[in-house]
Amino acid sequence: MKSSFHICIVCCAVLFSAISTTQSASADLLLDLRAISVSGTDVSLVNSKSVNVTNSSGGGMIDFELYAVVNGTDGSALNEGFQTYTARLVSRNTTGGAVLGDLLNSDSTGGALPRGLLSPFNSAGSAAGALQDLDADTDLDLGSLNDGSFSSWIGGRAASMQPYSGGGSSAEFLLYRFSMNLADIQAPAIGATTDVVVEGRDIATAFLWQEDGGASIQAGASDSRVSFSPAVVITNVSPIPEPSSVALALVGSAMLGIAIRRRNRLAQG
Ligand SMILES: [Ca+2]
Ligand SMILES: [Ca+2]
Ligand SMILES: [Ca+2]
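In the numbering used here, each number is its position in the sequence shown, counted from 1, plus 4.
Now the structure itself:
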């Protein structure tokens with residue numbers, strides 16, 4: 005009797021854990037920030053979440069895109085939709101990092117791709133966001149810290165709910181493009197990092213989307229159905245040897261190997 009009661013408790017625990025796992029797997033809305041390209045000799049793109057820089061006075065540029073990724077639960081991405089977001093973008097110095105650079109949301113400072121609000125999330129009432137220093141580290145970020153007012157935030161909205169029509173297993177909507185202008189890269193320590201992050205306005209009307217063809221969902225940044233991607237991490241790395249000097253070193257060690265083998269053969273002969 006005691007053991008069957010125990011088994012029952014275990015079964016309930018397993019069932020409960022299975023249910024919780026299923027619920028947390030429905031990711032709902034993710035605001036995903038990705039580094040897409042870099043320019044300048046002291047900047048390299050590792051992947052969409054990682055950029056390496058070396059100390060220099062040469063500068064460089066990192067280009068970013070902001071996506072909304074909507075995940076319903078019925079296995080089809082084609083009945084997901086997206087309409088509205090209100091967000092800010094900040095470069096924050098962490099773990100000793102101090103890679104400073106103003107964010108840019110217009111095309112006036114060069115670069116191949118258009119920056120700012122991207123169609124169709126640029127209809128009436130949208131705003132590209134104010135350039136201002138949100139974290140007191142002297143470089144310019146984008147948006148606002150004030151949940152109480154729409155002023156200065158990046159706010160993009162489409163005229164109507166936009167159904168997803170692309171391929172892939174999750175619905176991804178390209179919202180916004182911006183760059184970070186690394187005018188003078190002075191990161192103090194090897195391994196120090198600076199995080200570029202997306203954050204949202206915490207007001208119930210900040211985000212508007214649709215899942216599985218259902219009713220529109222409206223929520224703010226702190227709602228459990230809204231999440232934000234990990235930061236794009238800019239890391240100060242040691243200067244990497246020039247490819248030509250690496251090649252020279254390889255040729256040198258190969259020739260040394262040949263010389264040793266020849267000497268050994270002569271000694272044996
Ligand atoms: Ca910064
Ligand atoms: Ca700043
Ligand atoms: Ca779906």
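C-beta: ideal position from N, C-alpha, C; glycine also. All figures in this text were calculated on a predicted structure; none of them were measured in a lab.
Report task. Examine ligand 3 and report whether any of its heavy atoms sits within less than 8 angstroms of the Cβ of Gly217. Result -> yes
Report task. Excluding the 5 residues preceding and the 5 following Ala91 in the sequence, name in chain order all residues of the same chain whose CB lies nearer than 6 angstroms to its CB. Result -> Taken in chain order, the residues that qualify are Ile158, Val202 and Gly204.
Query raised in the report: Can you tell me the Cα-Cα spacing of Gly101 and Asp199, whole angstroms?
Result: 9 angstroms
Query raised in the report: Got a sec: does ligand 2 put a non-hydrogen atom nearer than 8 angstroms to the Cβ of Ser155?
Result: Answer for Ser155: no, Cβ out of range of ligand 2.
Query - Cβ-heavy atom distance, Asp188 to ligand 1, below 8 angstroms - result: No, the beta carbon of Asp188 sits no closer than 8 angstroms to any heavy atom of ligand 1.
Query raised in the report: Buried or exposed: Gln27, going by 16 or more other Cβ atoms within 10 Å of its Cβ?
Result: Low per-residue confidence applies at Gln27: pLDDT is 37, beneath 50, and the placement is therefore not dependable, though the value from the model is reported in the following sentence. So Gln27 counts as exposed.
Query raised in the report: Which of the three DSSP states, helix, strand or coil, is assigned to Ile238?
Result: strand
Query raised in the report: Taking the Cβ atom as the reference point for each residue, do Val94 and Leu186 lie within a distance shorter than 9 angstroms?
Result: no
Report task. Give me the Cα-Cα distance between Pro167 and Arg181, rounded to the nearest whole angstrom. Result -> 21 angstroms
Report task. List the whole-angstrom C-beta distance separating Asn109 from Ala132, where the pair is believed to meet the contact cut-off of C-beta under 8 angstroms. Result -> Indeed, because the Cβ distance is near 5 angstroms, the residues count as touching under 8 angstroms.
Query raised in the report: Taking 8 angstroms as the cut-off, is the CB of Ser80 close to at least one heavy atom of ligand 3?
Result: yes
Query - Buried or exposed (CB count within 10 angstroms, at least 16 for buried), Arg119 - result: With 16 or more other Cβ atoms within 10 Å, it is buried.
Query raised in the report: Is the beta carbon of Thr58 within less than 8 angstroms of some heavy atom of ligand 3?
Result: no
Query - Check: Asn185 C-beta below 8 angstroms from any heavy atom of ligand 1 - result: no
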